[in-house]
Every structure is written in C-alpha cells, then in structure tokens.
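Q:
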Amino acid sequence: MFPINDALDAVLLGTFLFGLLFTVGSLLLGMADLGADADHGHHGTGDHGFGGLVNVSSILAFITWFGGVGYLARNGLGWPVFFSLGLALAGGLAAGWIVLWFIRKVLRSPDDTLDPKDFERVGVLARVTSSIRSGGVGEIVWEQRGTRMVTSARSASADPIGRGAEVLILRVERGMAVVAPFDELLHEPGSGGVNQN
0 MFPINDALDA VLLGTFLFGL LFTVGSLLLG MADLGADADH GHHGTGDHGF GGLVNVSSIL
60 AFITWFGGVG YLARNGLGWP VFFSLGLALA GGLAAGWIVL WFIRKVLRSP DDTLDPKDFE
120 RVGVLARVTS SIRSGGVGEI VWEQRGTRMV TSARSASADP IGRGAEVLIL RVERGMAVVA
180 PFDELLHEPG SGGVNQN
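Take the sequence shown: its letter number 173 is residue 172 in numbering that gives the first Met the number 0, and every next letter is one higher.
#1: Keeping to the same chain, check which residues put their C-beta closer than 7 Å to that of residue 1; ignore five residues upstream and five downstream.
#2: Over what stretch of residues does the alpha helix (DSSP H) that includes residue 89 continue unbroken?
#3: Check residue 183 in the structure and name its three-state DSSP category.
#4: Residue 22 to residue 60, Cα distance in whole Å?
#5: Whether or not the stretch 121–139 and the stretch 94–102 are in contact is what I'm after, with contact meaning three or more pairs of Cβ atoms, one per stretch, closer than 8 Å; do they touch?
#6: Runs of 4 residues minimum, wholly inside the stretch 131–186: which ones carry the alpha helix (DSSP H) assignment?
#7: Cβ of residue 62 within 9 Å of Cβ of residue 15?
#8: When you compare each of 19, 82 and 106 to residue 67 by their alpha carbons, which one comes out closest?
#9: Check whether the Cβ atoms of residue 146 and residue 176 lie closer than 9 Å to each other.
#10: Where does residue 53 sit, in a helix, a strand or coil, going by DSSP?
#11: Looking at the structure shown, is residue 124 part of a helix, part of a strand, or coil, going by DSSP?
#12: How long is the line joining the alpha carbons of residue 140 and residue 105, rounded to whole angstroms?
#13: I'd like the list of long-range same chain contacts for residue 9, defined as Cβ closer than 7 Å, with 5 residues on each side in sequence excluded.
#14: For residue 56, collect the residues of the same chain with a Cβ closer than 7 Å to its Cβ; drop the 5 residues on either side in sequence, then sort them by chain order.
#15: Name the residue from 83, 160, 144 and 148 whose alpha carbon lies nearest to the alpha carbon of residue 132.
#16: Just the C-alpha distance for residue 162 and residue 154, rounded to the nearest angstrom, thanks.
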C-alpha cells in the first residue's frame, strides 16, 4: 500500500499521517462545540512578534504537507533525499502560510480587536429587567457589540426604578452598576438637559 524503503520514508509517512489524523481530529472537535474554557489567567493584548505566526492549524498544515510531499517526491517521483526534503520543506512552508493567511484574512474580521473602551459601562443606556427596589438591587440589560449584556444594578438616589425603565449607568462600584433613570437625567435642571433655562 505505502512502501517504506528506509527510516526517512517512515518519518515522512509518519508525519503525514500524524498531521492528517490531528487535522481531522481538530476539525471534528471544532464541530462538537464542547464549550470548555481553559481560563489560565492570561490577559494578553493580541498577537505580537513571532508568536502570532504560529498556531495549531498552520503547524498541522506544515507537518501534513511536509510528510506528504516528501514521501511522494521520494517514492512517487524517485527523487534523491536532498531534493525530496527541499521540496517537502517548501510544500510544508507554503501550506502553513496559506492556512495562516486564510485564518487571518478570511476567517477573522479586522474589527475583532479588543479595546478596553469597548467594555466601559459608564455612560451606557440600559433597560431594567428586574425592578430595582428602594435601596435594593435589580438587574439591567444592554447591548454591546451585538451581544446582550446583563449585570446587577442599584439606584444612585436609592429610589425604586420599575421594570422596563431606561437607565443610564453612572458608575460601577465593586462590579455593580449604579444607575439613574434616563428621563430624569434629561429633565434635571442645570444638568444640560432639554428643559434647561
């Protein structure tokens, strides 16, 4: 089926099969949507330097194509070791670069960069989903970058705020939003509201 004439043939065929097996495995696990989060506490700022060029998909493409092209060049074309390894290296690098380019340019949107300002809650208009009792805590919801966000909230004036009211987040204290009804802020004298004389 696949003749193995020496140790190099075994290595080339082994790398091809290894890369192929793990490519198919990662494809199947990606479709399984297991939903695990390996939160290890790293909060990086994005791809920098050489680390951005290396990812699992491009490594698997390199390994698979290096082994496959090298094995075919040796056994299919009968090329000597030096030329077979050169072609295998070129094929592996080309495949890794193509996969990396496809991931960066096609699959990832250029707007996917995370900016801390995008997650600033102060000044955001939200809606009360669970009434805020006098001096108590309720729940608010707002939309951010197409995602529905929910957090606990309390009234800045300690007055109750009913469900469905629009509120403005004034500040965040220990993870809880401090809010005020938006219509009261608009009509408050001296605050720059619409009824200012």
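Just so it is clear, CB atoms sit at the ideal spot from N, CA and C, and this is done for glycine as well.
A: Considering the structure as presented:
#1: Within its own chain, the residues whose Cβ lies closer than 7 Å to the Cβ of residue 1, once the five positions on either side in sequence are excluded, are 12, listed in chain order.
#2: For residue 89, the enclosing alpha helix (DSSP H) stretches over residues 80–101.
#3: Under the three-state reduction of DSSP output, residue 183 falls in the helix class.
#4: Here the alpha carbons of residue 60 and residue 22 stand approximately 8 Å from one another.
#5: With a cut-off of 8 Å, the stretch 121–139 and the stretch 94–102 do not count as touching, because too few Cβ pairs lie within range.
#6: Those alpha helix (DSSP H) runs which fall completely within the stretch 131–186 and span 4+ residues are 181–186.
#7: Yes. Within cutoff.
#8: Out of 19, 82 and 106, 19 has the C-alpha closest to the C-alpha of residue 67.
#9: Not closer than 9 Å, so no.
#10: Of the three classes helix, strand and coil, the one that applies to residue 53 here is coil, per DSSP.
#11: Strand, per DSSP.
#12: Rounded to the nearest whole angstrom, the C-alpha separation of residue 140 and residue 105 is 32 Å.
#13: Closer than 7 Å at the Cβ level, and outside the excluded window around residue 9, lie 3.
#14: 98 and 102.
#15: Of 83, 160, 144 and 148, the residue nearest in Cα terms is 160.
#16: So the two alpha carbons sit approximately 13 Å from each other.
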